[in-house]
Amino acid sequence: MNELHGAGVALITPFNADGSVDFETLAQLIDFQIAAGINYLVSLGTTGEVATLSKEERKRVWEFTSKQVNARVPLVAGIGGNNTLEVVAQIQEFNVPGYCAILSVSPYYSKPTQEGIYQHYKAIATASPLPIILYNVPGRTGTSISPETTIRLAKEFANIVGTKEASGNFAQFNKILRDKPADFLLISGDDPIIVPMMAIGAVGVISVIGNAYPAEVANITALCAANKYQEASAIQASLLDLIDLCFVEANPCGVKYILQEKGLGNDNLRLPLTPISPNTQQAIQEAMKSL
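What follows is the structure in structure tokens.
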């Protein structure tokens, strides 16, 4: 899927002061991303606070995002969970036009075995009308999708087309790259290591910091694709302090504050997430001065 090469951004979900979805700011954010050269967008991944949106709100956000994008860039929908039957039902019911794939996080909290993870994705792949991207983020889920399970799924299901890897495990990345089908995509899920991951064979990133700095992230992936890793590394290095600060008090709290500082919405969140502390705010303000 060439449309999933390069820079993808996991969009935040802006909220109004009353907690409702701020669609006006979402429209501005989408246009900002596309104008900056982002290759594709992910609607309602972890960064989109999907866990705190109702079923009805999710559908409205997916529909609004598709309408606002208007086929200017590819779209990916985040649909995942730890109840396999419920995830399958959500995917079967998903009928929003304009989306090219589904990003599905591995089951969290219940800590399934590798066989359980395999069976979970088998059920999803069998039911899904759209291609599936695995999402391995053991820091959030408590369990890692092993490279062997990733390859097993990639080889057995043609509609499992890639994996977003946020494990930070380069031994795992190398095993996936060694054994994967030729057209299976390895996508970075970690902003600090876009360049080294692309240097060994990843096709791009699904970024958090790209919400606020889309042109920079797009440039990083484009330079890597052109084998200009030193230039890409310089841009990535300029963002490292901000990237770290985005995760000091949980994602997307930090990046929402950065966007607020840039005049794109506010830092409203839904509980249990809360705004970042004054100390982190000050650190972000200082880091932003160098960009």
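Start counting the sequence shown at 210; every next residue gets the next number (my numbering).
Ideal Cβ positions, reconstructed from N, Cα and C, are used throughout, including at glycine.
Euclidean distance between Cα positions of residue 285 and residue 253: 9 Å
Just the Cα atoms here: how many angstroms apart are residue 309 and residue 471? 30 Å
Own chain partners of residue 496 with C-beta closer than 8 Å, once the 5 adjacent residues on each side are dropped: 450, 451, 454
Using CA coordinates, which residue listed in 294, 399, 489, 316 is at the minimum distance from residue 466? 489
Shorter than 7 Å, the distance from the beta carbon of residue 349 to the closest heavy atom of the ligand FMN, or not? What this structure holds is no ligand at all, so the ligand FMN is not there to describe.
To which residues of the same chain is residue 393 closer than 7 Å at the C-beta, ignoring the five residues directly before and after it? The beta carbon of residue 393 sits closer than 7 Å to those of 363, 370, 371, all from its chain and outside the five residues before and after it, given in chain order.
Proximity below 8 Å, CB of residue 422 to CB of residue 448: yes
Count the other CB atoms, across all protein chains shown, that sit within 10 Å of the CB of residue 264; report buried if there are 16 or more and exposed otherwise. exposed
Measure how close the beta-carbons of residue 304 and residue 340 come, nearest whole angstrom, since I'm counting them as under 8 Å. That pair is no contact at about 16 Å.
To which residues of the same chain is residue 354 closer than 7 Å at the C-beta, ignoring the five residues directly before and after it? 315, 326, 343, 345
Whole-angstrom Cβ separation of residue 414 and residue 430, contact assumed at under 8 Å? With a Cβ gap of about 6 Å, residue 414 and residue 430 count as contacting.
Go through the stretch 423–461 residue by residue and report every complete run of the alpha helix (DSSP H) that reaches 4 residues or more, in order. 423–434, 438–455
Assumed close pair residue 230, residue 224 - CB separation to whole angstroms, cut-off 8 Å: 6 Å
Could you tell me the alpha carbon to alpha carbon distance between residue 425 and residue 239, rounded to whole angstroms? 16 Å
Let me know the secondary structure DSSP gives residue 275 once reduced to three states. Shown here, residue 275 sits in a helix according to DSSP, grouped into three states.
Is residue 320 closer than 8 Å to residue 274 when the C-beta atoms are compared? no
Can you tell which of 378, 398, 441 has the C-alpha that lies nearest to the C-alpha of residue 408? 441
Among the residues of its own chain, which have a CB less than 6 Å from the CB of residue 484, if the five just before and after it don't count? The residues are 476.
Short Cβ contact (8 Å threshold) for residue 473 with residue 242: no
Can you pull the DSSP bridge partners for residue 389? Answer by DSSP bridge pairing: none, since residue 389 is not bridged.
When you compare the CB positions of residue 427 and residue 246, do they come within less than 8 Å of one another, or not? yes
Under 8 Å between the Cβ atoms of residue 317 and residue 281? no
Per DSSP, which residues does residue 345 bridge with? Please list them. 374
Judging by CA-CA distance, which residue of 306, 360, 258, 250 is the nearest neighbour of residue 289? 258
Sequence-distant residues of its chain with Cβ nearer than 6 Å to residue 235 (five each side left out): 223
List the residues that DSSP assigns as beta-bridge partners of residue 252. 286
Going by beta carbon distance, what residues of the same chain come within less than 6 Å of residue 215, once the five residues before and after it are set aside? 248, 413, 430
Whole-angstrom C-beta distance between residue 256 and residue 461, which should lie under 8 Å: 5 Å
Pairwise C-alpha distance: residue 269 and residue 300: 15 Å
Beta-bridge partners of residue 224, as assigned by DSSP: 230
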